[in-house]
Amino acid sequence: MNKRQYAQANKDWLQTKVREDGVKALSKGIYYKVLAEGNGDGIHPSPRSIVTAHYTGRTIDGRQFDSSRGGAPLAIRLCDLIEGWIIAMQQMCIGDKWEVYIPAEMGYGKYSQPGIPAGSTLIFEIELMGIA
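In our numbering, the protein residues as written are 3 to 134.
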């Protein structure tokens, strides 16, 4: 499969995924499914917040490319992450656990990363553990 076919396969996968029950839309083509609800206190991180989260990242073929599970959670300023994370996490409360579907344009786009081919739709299971 060439790069163009791969990118199209990722777009097609996302368009199929968004029709599943429980999948909700965010802005810029990002979608998510709630796996667990947190405290629902209405407090959300801002782009300048330092967020603490456990996560696992996969491509549409199920290949895991990164995870904090089994180690320390990620602690980082939200604005330092990919745009898909910034948009999704601003809607989360502490304790929320979501599966987030990020189109390539809101992830790494046409650039490859270790274990992530260019044009990849990214699937992240994110559990927000803290906001500072």
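Backbone N, C-alpha and C define an ideal beta-carbon position, used for all residues, glycine too.
Grouping DSSP H, G and I as helix and E and B as strand, with all else coil, what is residue i?
i	result
Gly132	strand
Lys19	helix
Gly86	helix
Arg50	coil
Ala55	strand
Ala9	helix
Between which two residues does the beta strand (DSSP E) containing residue i stretch?
i	result
Ala27	Val25 to Ala27
Gln66	Gln66 to Ser69
Tyr110	First-last for Tyr110: undefined, no H or E at that position.
Leu37	Tyr33 to Ala38
Lys30	Note, Lys30: premise wrong, no beta strand (DSSP E); not H, not E.
Ile104	Lys99 to Ile104
Leu76	Leu76 to Arg79
Apart from the five residues just before and just after residue i, which ones in its own chain have a Cβ nearer than 8 Å to its Cβ?
i	result
Ile45	Cys95, Ile96 and Ile133
Val36	Gly24, Lys26, Asp98, Lys99 and Trp100
Leu80	Pro47, Ser48, Pro49, Arg50, Ser51, Ile52, Val53, Trp87, Ile88, Met91 and Gln92
Assuming residue i and residue j form a contact by the criterion Cβ under 8 Å, report the distance between their Cβ atoms to the nearest whole angstrom.
i	j	result
Val20	Tyr33	5 Å
Ile78	Ile52	7 Å
Asn12	Gly86	Actually they do not touch by this definition, with Cβ atoms about 13 Å apart.
Val102	Ile118	That belief does not hold up - the Cβ atoms of Val102 and Ile118 are roughly 15 Å apart, past 8 Å.
Between residue i and the rest of its own chain, which residues show a CB-CB distance below 6 Å, the 5 nearest in sequence each way excluded?
i	result
Thr54	Pro75, Ala77, Met131 and Gly132
Ser70	His56, Tyr57 and Leu76
Thr61	Ser122
CB-CB under 7 Å to residue i, same chain, minus the five flanking residues each way: which ones, in chain order?
i	result
Gly42	Cys95
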